[in-house]
Each structure stands twice: as structure tokens, then as C-alpha cells.
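Engineer: Sequential numbering of the sequence shown, starting at 666, is according to the working numbering.
Shown below is the structure under consideration.
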Amino acid sequence: MSAKSIYTGNNLKGEITVPGDKSISHRSVMFGSIALGTTRITNFLKGADCLSTIKCFQRMGIEITEEKDCILVYGKGLRGLSAPSCTLDVGNSGTTTRLLSGILAGQNFSSAMSGDESLNSRPMGRVMTPLNKMGARIQSINNNNCAPLKVEPGDLHGIHYQSPVASAQVKSAVLLAGLYANGETSVDEPALSRNHTELMLRSFGADISSTLQENGTATARVHPCKELYGQTIQVPGDISSAAYFIAAGLLVPGSELLIKNVGTNPTRAGILNVCRAMGADIAYLNERNAGGEPTADILARYSPLHGVTIEGSLIPTLIDEIPIIAVMAACAAGTTIIKDAAELKVKETNRIYTVTENLRAMGADVTPTDDGMIIEGGKPLKGARIKSYLDHRIAMAFAIAGLTSEGETIIENSQCVDVSYPEFFNTLEQL
Ligand code: S3P
């Protein structure tokens, strides 16, 4: 298994681009597959998770090809998928599994999905419950609410679902099934989660809307649809990948990094609010709209940071960035409190545990809590042997921690970054 050594960095300067957004890349292939006509996708993320999505749809008869600078999906319409001849391999990808559950629930054939050890231990009851309420027949083969999942054909009806969690994967699964249901389907969530499904499905022709209430809760609504129509999608750079280089720019003395073409959808950009609240010198340049998604270049300059409290409706807008935010907090002066983030426990790893273990290995003062962690920042970090636990975001967050630590840091099983950012270590080396 691969390991990477990281040493103390000095002034990182220059311009980089980061790969395409993972959430948007998944959705562009999924929606393109169930739309009529061709969907052309530029800047598609060729990370392992999104390749799992492509393979699943190819197994259901969809032709997906690669041209010089784009992916072409030859969609066959809402009811054009064909029965897969084997279990669909969803790899490490929660997004593939949960969104695909919503699509498979509406098909007139049986199917099954299974993934790797981490994926097969993540909770799927959160999508099975609402989908089965809609009339779907999804079963956990081992009766543990986890994949492998078996999906049998069922007649779907619209429901009004109150999701107990702010999860875009749950919301999207229900909305996608809603395309196949009779009657309106709506999903309430306790705080607005990323809204790429709502934005992109609308551009494919779905009758979908969303509202944000004053108390921070949100509702998305969809009506059954005759057909979706193929689109051209320009995928913006992934803010979740940019986050590592934003942090590197802020933490390594003398740095100034420009990260070009990053998606800045407010449902994803919570990390930038947190950085600013910590005292970061960050600017958006060249703000524009790329195919319905706000996009900008982000300039991050070295800044002394201080601790903050991160909680409430901000959490879903930065949930994947908490490992790197925790690293920044360890380097910041004072206390950072992260709360309302129990969802961290059901990501690719239990990130409350994996972040705490690794920060402690580097000498930081961290107390895990039931829904987050408390970090007493400002102690100098020491290089350490870091366990990635095969979690891409842990590997990348601690590679950046290694740049700000004294001595050598070794990231074990570093190849797991392939899930979302295969070029991560190359870009880091170039800088
Ligand atoms: C994602 C939603 C989030 C996020 C995941 C991608 C998506 O998960 O953590 O990496 O593309 O919808 P939850 O919906 O479970 O919060």
C-alpha cells in the first residue's frame, strides 16, 4: 500500500485548478442517463466515485463515452434503463448508492447494489425508509440497513417526507423517485443541504422547486415528469478539493495561492465563511455563473487564524470540509468548537474519531464530543505517521497538516485520494 512523506512547507505561491465537483459530476451522469438525448459534460471528475456511477449506468445499457475534453452520455429517457445482469458495484460511493436507490426504485426491473467494506457499513435506512414509504421495495440483503441492497419494482406514489437529517443524498433520492411517482413529492429538511439536484434537474426540464423558511428549514418539491432532456454541463472545480489548498495558503507562512474556477454555491461554501470568521485573508475574483452554479477564482493568502464556533445550519454547507477545518483550528490561536455535526460519524469513516486520532498523533489538543469536537489550537504540530483509514478526506487534510508541522509526516494508504482527487499529491508537489 502506498505512503507519502510530507515535510514542512515554505511559501506556496502560484495558480492552480482543482478537479471537477464530485457531487455535480455524479448528478450529470445520472440525470443524463435518464434524460432523452445526449448530455455533454466538461470538467467531469474522473475520480473513483464518479467512475463507479458511470459503470453502474453502463451496466444498465447507457452508452457513455469520453471525447478529448468531455464525457458524452447518450440518455435513453426516464424509462430507458435496462435490467443489469449483475449486482451494481458502487465502490466507495455513498452518493452513487443513495441517489441510484431513488432512480432504481422507479424502474420496472429488479436490481442490486453493493460496495466496498466502508460503503457496506454506512447507513442506507435513511433512503430505504422514505423510498419504501413511496411504494418502493428496497431491502437490505443482510437486514442491517446497509448495502448490499436489493431493489424490486414497485408502484410509486408521492409523499411529503420530513427528513430527520439535512442530507442532500436523502433529499435527492426521494426527489429522483418523485419523478416516477404519481402526485407531488416533497422533502423537508432541518437545514438546507447542497441543492445541486434541484438546480440541475430543473435545467433538464423537471418541474422542481425549493423554498427556504425563515427558521432555516427547507423544502424541495417535485412533480412527476414525462421526460427529462439532455443538457450541456460545465462542472465547476470542487470546493471540497479546493479546501485543502485554501487551507495550505492560509497556514503556510508567506503563501499566496489562486485557485481558479471553483464552485461557490452557498450550500457548499460554508468553509469560506468559517475561514473569514477565523481571520483569513480570502477573496473571490472573477465571480460568474457557470451553467446555473456560481463559480469564482479564490485567492488565499497566509493569515494568522483564531478559533471559532461552527454549528447549526452552517454544518451541512461544510460537512465534507470538517477534517481540514479541524487542521486549521489546531493551528489557530484559541478554542474552536464544532457541534451539530454528528453526521461526521457516518461518512467514509467516523470522522470525529479519525480526525481526533490523527490530530492527537501530531500533538494537538482535541476532545471528541458526541456531535463534533473541541480543539484547543496553537500548540505547534509535530510530524507523525498518519492513518488515512482509506478515507480520501483524512489523507488530504493531514497532508496539509504535514506542511505546517515540524519534521516528517507520513500518510499511510495515500492512494485513497483517488476517490475524489487523483492528482492531489502531484499538485501539492508542484507547489
Ligand atoms: C453529497 C452529500 C453529502 C456529502 C457527500 C456528497 C452529495 O452527504 O457528504 O460527500 O453529493 O449529495 P449527505 O447528503 O449524506 O450529507
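We put the beta carbon where it would ideally sit given N, CA and C, even for glycine.
Should Pro1045 and Glu1071 be called a contact, given that it needs their Cβ atoms to be closer than 8 Å?
Structural biologist: yes
Engineer: Counting only beta-carbon atoms, is Gly767 nearer than 8 Å to chain C?
Structural biologist: Within the model displayed, chain C is absent; a lone protein chain is all it includes.
Engineer: Quick one: is the Cβ of Thr760 within less than 7 Å of any heavy atom of the ligand S3P?
Structural biologist: yes
Engineer: Starting from Tyr909, trace the alpha helix (DSSP H) both ways and give me its first and last residue.
Structural biologist: Taken as a continuous stretch (DSSP letters only), the alpha helix (DSSP H) holding Tyr909 covers Ile904 to Leu916.
Engineer: With a threshold of 16 other CB atoms inside 10 Å of the CB of Ser837, please say whether the residue is buried or exposed.
Structural biologist: buried
Engineer: Are Val887 and Asp872 closer than 8 Å when you measure CB to CB?
Structural biologist: yes
Engineer: Does the beta-carbon of Ser837, which I'm using as the reference point, lie nearer than 7 Å to any heavy atom of the ligand S3P?
Structural biologist: yes
Engineer: Who are Cys735's beta bridge partners in DSSP?
Structural biologist: Thr707
Engineer: How would you call Tyr845, buried or exposed, if buried means at least 16 neighbouring beta carbons within 10 angstroms?
Structural biologist: buried
Engineer: Report the rounded CA-to-CA distance for Gly972 versus Leu937, giving the unit in angstroms.
Structural biologist: 14 Å
Engineer: Which class does Pro829 belong to by DSSP, given the choice of helix, strand or coil?
Structural biologist: coil
Engineer: Can you round the beta-carbon distance between Leu821 and Ala885 to whole angstroms, since I take them to be within the 8 Å contact cut?
Structural biologist: 17 Å between Cβ atoms; not a contact.
Engineer: In this structure, does DSSP put Pro981 in helix, strand or coil?
Structural biologist: helix
Engineer: Kindly identify the DSSP beta-bridge partner or partners of Met1038.
Structural biologist: Ile1003 and Pro1033
Engineer: Among the candidates Leu765, Arg1025, Ala831 and Ala1007, whose CA atom is the shortest distance from the CA of Ala987?
Structural biologist: Before going further, note that residue 987 is Ile rather than Ala in the sequence given. Comparing Cα positions, the closest option is Ala1007.
Engineer: Going by C-alpha to C-alpha distance, which of Pro684, Ser786, Gly957 and Leu983 sits closest to Ser858?
Structural biologist: Leu983
Engineer: Going by other Cβ atoms of all chains shown within 10 Å of its Cβ, with 16 needed for buried, is Ser905 buried or exposed?
Structural biologist: buried
Engineer: Rounding to the nearest angstrom, what Cα-Cα distance links Ala842 and Gly767 in this structure?
Structural biologist: 5 Å
Engineer: Where are the beta strand (DSSP E) runs, 3 residues long or more, that stay fully inside the segment 1013–1085, in chain order?
Structural biologist: 1030–1034, 1037–1042 and 1074–1077
Engineer: Return helix, strand or coil for Leu746, following the three-state DSSP convention.
Structural biologist: DSSP places Leu746 in the coil class of the three-state scheme, outside both helix and strand.
Engineer: Just to confirm, is the Cβ distance from Asp903 to Leu710 under 8 Å?
Structural biologist: yes
Engineer: Please name the residue in Ser978, Glu863, Glu952 and Asn809 whose C-alpha comes closest to that of Ala856.
Structural biologist: Ser978
Engineer: Which value, in whole angstroms, describes the spacing of the CA atoms of Thr960 and Pro931?
Structural biologist: Spanning the two alpha carbons is a distance of roughly 10 Å.
Engineer: Are Pro795 and Cys811 closer than 8 Å when you measure CB to CB?
Structural biologist: Taking 8 Å as the cut-off, the Cβ atoms of Pro795 and Cys811 do not count as close.
Engineer: So, are the CB atoms of Asp1036 and Lys1004 less than 8 Å apart?
Structural biologist: yes
Engineer: Please classify His691: is it buried, with 16 or more other beta-carbons within 10 angstroms of its beta-carbon, or exposed?
Structural biologist: buried
Engineer: I want to check one thing, is the minimum distance from the CB of Ser690 to the heavy atoms of the ligand S3P below 7 Å?
Structural biologist: Result no, Cβ not under 7 Å from the ligand S3P.
Engineer: Is Ser667 helix, strand or coil by DSSP?
Structural biologist: Coil at Ser667, not helix or strand.
Engineer: Which residues share a DSSP beta bridge with Pro959?
Structural biologist: Asn954
Engineer: What's the gap between the Cα of Leu784 and the Cα of Glu1013?
Structural biologist: 7 Å
Engineer: Would you be able to state if there are at least three C-beta pairs under 8 Å between the segment 729–739 and the segment 753–761?
Structural biologist: no
Engineer: Whole angstroms is fine: what's the gap from Leu866's alpha carbon to Val694's?
Structural biologist: 12 Å
Engineer: Within the same chain, show all residues whose beta-carbon is closer than 6 Å to that of Gly935, passing over the 5 residues directly before and after it, in chain order.
Structural biologist: Leu979, Thr982 and Leu983
Engineer: When we look at the beta-carbon of Gln1095 and count the other beta-carbons within 10 Å, is it buried (16 or more) or exposed?
Structural biologist: exposed
Engineer: Within 10 Å of its beta-carbon, does Phe774 have 16 or more other beta-carbons around it, so buried, or fewer, so exposed?
Structural biologist: exposed
Engineer: Can you pull the DSSP bridge partners for Asn847?
Structural biologist: His822
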